[in-house]
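Those letters in the sequence shown? Residues 1 to 116, per full-length UniProt numbering, in order.
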Amino acid sequence: HDENHPHLASFYNNIGIIYDEEKKYFEALDFYEKSLALRRKHLPPDHPDLGSSYNNIGIVHSCLGHYDLALDHYNRSLKIRLKSLPAQHPDIAMTYRNMGLVYENKGEFEQALILL
């Protein structure tokens, strides 16, 4: 079996989701990062699946209290999603919401209000 097969990216992502839902954040992060690595290798740089990977990694970092890392990944996700999705797509709104919640958790309420 080829460990670099593109279909493994979705498989790894789904395992990450399961760990994320079980609040096993380090395990989730490991699988999300494996998924991202394969997606970066096989997809164009503005593919929506890359935006999803960065968003998922941002969620885990946010749950771990790594707010700056979360924002970095959300910004990467947003940049891709703004390029690759229609302006009113719900994934774009979700990324803004996630960013707003991080700013709220950091106590940066004015920045949070802009995004929420």
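Note that the Cβ used here is the ideal one computed from N, Cα and C, for glycine as well.
Of the residues assessed, Leu36 falls on the buried side of the cut-off, its CB having 16 or more other CB atoms within 10 angstroms. Of all alpha-carbon atoms in Leu113, Lys83 and Pro86, the one lying nearest the alpha-carbon of Tyr96 is that of Leu113. Pairwise C-beta distances place the stretch 42 to 51 out of contact with the stretch 14 to 22, as fewer than three of them are shorter than 8 Å.
Shown here for Leu64: same chain residues with a beta carbon closer than 6 Å to its own, the five before and five after excluded, namely Tyr25 in chain order. Annotation: the continuous alpha helix (DSSP H) that includes Pro90 extends over Pro90 to Asn105. Here DSSP, grouped into helix, strand and coil, assigns Pro44 to coil. Assigned with DSSP and collapsed to three states, Ala37 falls in helix. Pairing Arg40 with Tyr54 gives a Cβ-Cβ distance that is not under 8 Å.
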